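Structure record follows, encoded as structure tokens.
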Amino acid sequence: MVHLFINRVHLFNIDPNIDYILMLVEQYHEGNCEDKEILTSIRKAVDASMQLRSKKELIEAFINRVNVDTQVTTDWRRFVLTQEENDLAKIIMAEKLKPEETRKFVSNAFRDGVLKTTGTEINKLMPPVSRFGGSGRAKKKQGVIEKLKAFFEKYFGLGITEMQSEKEEN
């Protein structure tokens, strides 16, 4: 049955989303994590999806943790939130960003569905740097933007972070 569904997805050229991937992970789990064909189908679906390619590493890391005790939906949510916090903390530390401002900036980006890289908001995250020291600040800012974009693309669209942002608003 799994293979029939997978073939129909490819037949109709549907772009798989994270819910589809989690459904396959659930089926892999129900098969005692032994059906390697499901893993192949997951990899093919992720590679075929523009939306999921930036999340491939995250998805594969989760699948590697799946065992007979895993509760796929609950554990996926916990895994993503933990990984997200770890990745953001690494960026903050590596770039010496202001933690509170950076977390708020990222939370707003998830809420709004877009990472705003123009305007003054990004400057509020940055550590103080001499504006007269040449192109150092511009280069640093561009590096921060690239890292935050990669972070945003990796975690946006999973539904988890967006729900967190909505809860914080209410």
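In the UniProt record's numbering, the protein residues as written are 1 to 170.
Every residue, glycine too, gets a C-beta built ideally from N, C-alpha and C.
All values derive from a computational prediction rather than experimental measurement.
A direct Cα-to-Cα measurement between A94 and G119 gives close to 23 Å.
By the CB criterion at 7 Å, E84 and Y155 fall inside the cutoff. In this structure, L125 lies away from L88, with their beta-carbon atoms at least 7 Å apart. Pairing K147 with I92 gives a Cβ-Cβ distance that is not under 7 Å.
Rounded to whole angstroms, L158 and P128 show a C-alpha spacing of 34 Å.
Between D15 and S49, the C-beta gap is smaller than 7 Å, which places the two residues in contact. For Q83, the enclosing alpha helix (DSSP H) begins and ends at 72-95. Spatial neighbours of T73 in its own chain (CB-CB distance under 7 Å, excluding positions within 5 residues in sequence) are listed in chain order as L22. If you ignore the 5 residues before and after F105, its C-beta comes within less than 7 Å of the C-beta of E121, L125, all in its own chain and listed in chain order. Judged by their CB atoms, K149 and L115 are nearer to each other than the 7 Å cut-off.
Straight-line spacing of the CA atoms in V66 and R137 works out to 43 Å. In the structure shown, P99 falls within a helical segment according to DSSP collapsed to helix, strand and coil.
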